[in-house]
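K.L.:
For reference, the structure I am asking about is given below.
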Amino acid sequence: MSVLRPPPPSSKPSVPRLPPLTLSNPSMVAQHTPCTLHLSALPPELACELFYTMMDLSRSWKRNKWWLFDRIVESPHRTSFFVRRTNGVDNNESWQEAAKYWYNGRPTEPPEFFPPAMEKACKYVENIVNDEMRQRERLPLEWTGRHGADRQLWHANVAAANCYEGAQESVGYHSDQLTYLGPYPTIASLSLGNRIFRLREVIPSDEVSRRCARTFNIPLPHNSLTMMHATCQESFKHSIPPQPTLDLYRPLFPHPASPTSLPQPSNCRINITFRFYRPDFHPKSTPRCKCGVPTILRPDMKNHHDGKTDRYWWVCYAGAQNDGKGCDFWRVMDMQAEGRGSAFADPGQVGCKDG
Ligand SMILES: O=C(O)CCC(=O)C(=O)O
Ligand SMILES: [Fe+2]
Numbered sequence: 006m007s008v009l010r011p012p013p014p015s016s017k018p019s020v021p022r023l024p025p026l027t028l029s030n031p032s033m034v035a036q037h038t039p040c041t042l043h044l045s046a047l048p049p050e051l052a053c054e055l056f057y058t059m060m061d062l063s064r065s066w067k068r069n070k071w072w073l074f075d076r077i078v079e080s081p082h083r084t085s086f087f088v089r090r091t092n093g094v095d096n097n098e099s100w101q102e103a104a105k106y107w108y109n110g111r112p113t114e115p116p117e118f119f120p121p122a123m124e125k126a127c128k129y130v131e132n133i134v135n136d137e138m139r140q141r142e143r144l145p146l147e148w149t150g151r152h153g154a155d156r157q158l159w160h161a162n163v164a165a166a167n168c169y170e171g172a173q174e175s176v177g178y179h180s181d182q183l184t185y186l187g188p189y190p191t192i193a194s195l196s197l198g199n200r201i202f203r204l205r206e207v208i209p210s211d212e213v214s215r216r217c218a219r220t221f222n223i224p225l226p227h228n229s230l231t232m233m234h235a236t237c238q239e240s241f242k243h244s245i246p247p248q249p250t251l252d253l254y255r256p257l258f259p260h261p262a263s264p265t266s267l268p269q270p271s272n273c274r275i276n277i278t279f280r281f282y283r284p285d286f287h288p289k290s291t292p293r294c295k296c297g298v299p300t301i302l303r304p305d306m307k308n309h310h311d312g313k314t315d316r317y318w319w320v321c322y323a324g325a326q327n328d329g330k331g332c333d334f335w336r337v338m339d340m341q342a343e344g345r346g347s348a349f350a351d352p353g354q355v356g357c358k359d360g
C-alpha cells in the first residue's frame, strides 16, 4: 500500500529564490543596482561640521504622520525639509505648498533654508553627481539640466533630512514620490553616521513567473554619498531597516560649541537627500482629485519596462491625510498633454535670486 502521494500539480513553475546579498563596495553597488556609492564625499572637517549642525537642528524635527487604513501611523525616525536660497525656489511661495505636502498634508512651519554647512556640502555633492551623470545615458523624460556656462546636468534646490537615533529607528520600503521630481529623477543621498541601506526590485507582473527579486544590503559608511539614478524610483524600493547592532560614529573633531572637550561617539545617523524639484512639475500644475486635494505622482512599478516607456499615475492622496478617507481618482500622466518637459524654463538659469 502506498502512503506517499505525489505533490499536487502546480500551475506556477517555482522561481529560484535568491538570498540577500551585501554589496560591500562601490563596484558591487553599480553592478547590481541603479545606484552608485561614492565614499569620502566631503572633506572630513565639513562632514563632521554638517553632522553637528544637523544633530543640533534635529531636536526640533518631527516624526512624519499619516493615515493608513483606519489608524494614524508615525514614521520611526525624525525628519525635516529644507529649500535652497538659490535656484528660484525660495522666491516662489507655492514651493512652500510643496513642502507642506512633503509631510503628508500635515500643516507645517515654512521649510528652513539650507544652513551654511549644508550649502557648502551641496556644492561637493553637485560635483560628484555631475561627474557621474556625464558618464551615463540620459532618458527621454529626464530633466536635461542647465545649458549655461557651467553646463550642469543636475543641481539641487531642496533637501529632505532624516535623523535615525539608535539601531531600531528606521524607514520602511518605499519609492520616493515623484510629484515634484518628475520621471526618472536623480537623488543624491548623503550619510553622516553609519547604517545599512536596503534595496529591492519590484519585478514587473509579466516577469514574476521567470525571476525573483533579491534584497541588497549596502552598508553606508559615514561621509558616503549614494546616488539613486534614473529608474531607481521606478523599479526599486528602498529602506533603512532596524539593525540588531550599530557601529557608532566617532567624530574626528569636537563640537564647535565645546572645542576643548573630546568628541563623543554617537548612535545617530543623519541622512540628507538632495533633490531637484522640476519647474515643469511645479505645485500649481499638480492635478487635484475629487477630494480637492493635490494628487501625488506614482510610477506604475508593476509594468515598468525599458526606462523609456514607463507609465506614471496621478493618484488621490487624501487618504493619507483626511481621516484615511480618499477617493478613487487616478489618471495617467501625459507629459505632452500636460505641457511638461525640459523645454520649460529652469529658474536656476533665469533671473534667480542669489542668497
Ligand atoms: O535615510 C536614508 O538613507 C533614506 C531616506 C529616504 O529614503 C527618504 O528620505 O526618502
Ligand atoms: Fe526614500
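Basically the working numbering = 1-based index in the sequence shown + 5.
C-beta: ideal position from N, C-alpha, C; glycine also.
For the pair the stretch 191-200 and the stretch 50-67, tell me if three or more CB-CB distances fall below 8 angstroms.
P.N.:
Using a C-beta cut-off of 8 angstroms, the stretch 191-200 makes contact with the stretch 50-67, since at least three inter-stretch Cβ pairs fall below that distance.
K.L.:
Check whether the stretch 168-188 and the stretch 238-246 touch, using three or more Cβ-Cβ pairs below 8 angstroms as the test.
P.N.:
yes
K.L.:
Indicate, with yes or no, if ligand 1 has a heavy atom lying under 6 angstroms from the CB of Asp-252.
P.N.:
No, ligand 1 has no heavy atom inside 6 angstroms of this Cβ.
K.L.:
Using a 10 Å radius around the Cβ and a threshold of 16 neighbouring Cβ atoms, would you call Asp-315 buried or exposed?
P.N.:
buried
K.L.:
For a quick check, are the C-beta atoms of Ala-122 and Thr-58 less than 7 angstroms apart?
P.N.:
yes
K.L.:
Ser-263 by DSSP, collapsed to three states: which one?
P.N.:
coil
K.L.:
Got a sec? Which residues, its chain only, sit under 6 angstroms from Leu-44 by beta carbon, not counting five neighbours each side?
P.N.:
Ser-229
K.L.:
Buried or exposed, going by whether 16 or more other CB atoms sit within 10 Å of the CB of Pro-24?
P.N.:
exposed
K.L.:
Identify the continuous beta strand (DSSP E) that holds Val-176 and give its terminal residues.
P.N.:
Secondary structure note for Val-176: its beta strand (DSSP E) is the uninterrupted segment 176-179.
K.L.:
Please report how far the alpha carbon of Thr-1 lies from the alpha carbon of Cys-296, in whole angstroms.
P.N.:
Missing from the structure shown is residue 1; the chain here goes from 6 to 360 and no further.
K.L.:
Using a Cβ-Cβ cutoff of less than 7 angstroms, which residues in the same chain neighbour Leu-253 once the five nearest sequence positions on both sides are dropped?
P.N.:
Pro-270, Ser-271 and Asn-272
K.L.:
Is it buried or exposed for Cys-237, if we count other Cβ within 10 angstroms and need 16 for buried?
P.N.:
buried
K.L.:
Count the CB pairs spanning the stretch 331-347 and the stretch 161-170 that are closer than 8 angstroms, and state whether there are at least three.
P.N.:
no
K.L.:
Whole-angstrom Cβ separation of Thr-191 and Val-134, contact assumed at under 8 angstroms?
P.N.:
6 angstroms
K.L.:
Does Leu-267 pass the burial test, meaning 16 or more other C-beta atoms within 10 Å, or should it be called exposed?
P.N.:
exposed
K.L.:
For ligand 1, which residues count as neighbours when the test is a C-beta closer than 6 angstroms to any heavy atom?
P.N.:
Ala-165, Asn-167, Val-176, Asp-181, Ser-194, Phe-202, His-243, Ile-245, Asn-276 and Thr-278
K.L.:
What residues match up with Cys-168 in a beta bridge as DSSP calls it?
P.N.:
Arg-83 and Ile-275
K.L.:
Around the Cβ of Asn-30, are there at least 16 other Cβ atoms within 10 angstroms (buried) or fewer (exposed)?
P.N.:
exposed
K.L.:
Tell me whether the stretch 132-152 and the stretch 61-70 touch, counting them as touching only if at least three CB pairs, one residue from each stretch, are closer than 8 angstroms.
P.N.:
Taking 8 angstroms as the limit for Cβ pairs, the verdict is that the stretch 61-70 does not touch the stretch 132-152.
K.L.:
Using DSSP with H/G/I as helix, E/B as strand and the rest coil, what is Met-338?
P.N.:
In the three-state reduction of the DSSP assignment, Met-338 falls in the coil class.
K.L.:
For Gly-171, collect the residues of the same chain with a Cβ closer than 6 angstroms to its Cβ; drop the 5 residues on either side in sequence, then sort them by chain order.
P.N.:
Cβ neighbours of Gly-171 beyond the five flanking positions: Asn-272.
K.L.:
Alpha carbon to alpha carbon, how far is Pro-145 from Ala-193?
P.N.:
20 angstroms
K.L.:
Can you tell me whether DSSP reads Leu-55 as helix, strand or coil?
P.N.:
helix
K.L.:
My understanding is that Glu-142 touches Trp-159, with C-beta atoms under 8 angstroms, so please give their C-beta distance in whole angstroms.
P.N.:
About 14 angstroms; that fails the 8 angstroms criterion.
K.L.:
On the criterion of 16 or more Cβ atoms from any shown chain inside 10 Å, does Cys-127 qualify as buried, or is it exposed?
P.N.:
The residue in question, Cys-127, is buried, as its Cβ has 16 or more Cβ neighbours within 10 Å.
K.L.:
Since I believe Tyr-282 is in contact with Val-163 (beta carbons under 8 angstroms), could you give me their beta-carbon distance rounded to a whole number of angstroms?
P.N.:
The pair is a contact, with the Cβ atoms about 5 angstroms apart (cut-off 8 angstroms).
K.L.:
Helix or strand or just coil, what does DSSP make of Asn-125?
P.N.:
Going by the sequence as given, residue 125 is Lys instead of Asn. In this structure, Lys-125 counts as helix in the three-state DSSP scheme.
K.L.:
Check Ile-133 in the structure and name its three-state DSSP category.
P.N.:
helix
K.L.:
Please go through the same chain and pick out, in chain order, the residues whose beta-carbon is closer than 6 angstroms to the beta-carbon of Gly-312, but skip the five residues on each side of it.
P.N.:
Leu-144 and Thr-236
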